[in-house]
Structure formats: structure tokens, C-alpha cells
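Here is the structure we will look at, set down as C-alpha cells.
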Amino acid sequence: MAALSPQIRGLQTDEDESRILKVKVLAGIGLAKKDILGASDPYTRLSLYDPINGELTSLQTKTIKKTLDPKWNEEFYFRVNPRKHRLLLEVFDENRLVQEHLSSQTTVTAPLLSETCF
């Protein structure tokens with residue numbers, strides 16, 4: 001049985017200078033306590049941005065319930081232009097009673113994208 005091809009999000013295949021970026025979200029360690037009872041229900045949101053047009057696409061990991069040390073081990077694929085795009089990774093606490101609380105975030109910019117795309 002053939003393996004399924006991963007879904008690739010972002011640019012169209014005919015865009016100049018586009019590359020495939022594979023992102024593997026492994027885990028979070030020692031996340032901030034956001035729930036009243038002390039544990040969080042974290043997930044990571046990955047957003048591909050173009051400085052001119054804003055957000056192109058976003059995906060998210062599964063929510064891991066009641067932990068401050070989640071293990072996602074999920075892979076995502078984006079078609080990007082390494083010279084133009086930024087990848088924003090944000091960790092949220094899923095909370096159905098109030099708004100989601102941001103735990104942490106980081107942005108991967110052009111120099112790093114250029115080195116890691118294939």
C-alpha cells in the first residue's frame with residue numbers, strides 16, 4: 001500500500017522561487033499555567049505570513065489535555081518563498097469558558113527558512 005502524500009499548504013505550485021518547508025512540532029516543556037486547576041490544554045498554531053498580503057494559511061496541532069509538557073510529534077508542510085515569508089508558531093491554551101490564552105510564540109524569518117527549505 002502506498003503512503004499518502006502530505007498536504008502542502010501555502011503558495012501555489014507555479015510560484016517562482018517556491019520551496020517546501022517541513023515543520024515538525026515535537027513538544028512543549030514547562031508551559032505557563034493558564035487554567036484555574038493548574039494544568040493547561042495546549043495546542044500550537046502555525047501561521048504562514050507574507051509581509052505584504054498578511055496571513056496566507058494556518059494549521060494547528062491537536063490539543064493535548066491537562067499538561068504543561070505536551071508531546072505533539074506532528075509534521076506540517078508549507079510551500080514558501082524563503083526570501084519573503086515568515087512562519088509564526090504560537091502556543092495556546094484551549095479553554096472553552098473564556099478566550100484562548102497565549103502561552104508563547106516565536107517567528108521563523110527568511111534566513112532560517114532559506115537554510116531549511118528543500
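Residue numbering for the sequence shown follows the UniProt record's numbering, starting at 1 and increasing by one per position.
A virtual CB, placed ideally from N, CA and C, is assigned to each residue, including glycine.
Asked: Please name the residue, chosen from Q105, Q7, K66 and L11, that lies closest to G54 on a Cα-to-Cα basis.; Found: L11
Asked: Closer than 8 Å by C-beta to S58: which residues in its own chain qualify, once you throw out the five before and the five after it? Chain order, please.; Found: R45, L46, S47 and L48
Asked: Could you give the first and the last residue of the continuous beta strand (DSSP E) run that contains R83?; Found: First-last for R83: undefined, no H or E at that position.
Asked: Can you tell which of D93, F78, K66 and A39 has the C-alpha that lies nearest to the C-alpha of T13?; Found: F78
Asked: Would you mind sorting P70 into buried or exposed? The rule is 16 or more other CB atoms within 10 Å of its CB.; Found: buried
Asked: Rank A39, K33, W72 and L56 by C-alpha distance to the C-alpha of V80 and give the top, closest one.; Found: L56
Asked: With a threshold of 6 Å on Cβ separation, who are the neighbours of I8 within its own chain once the five nearest residues in sequence on each side are excluded?; Found: Y77 and R79
Asked: For W72 versus A32, is the C-beta distance shorter than 8 Å?; Found: no
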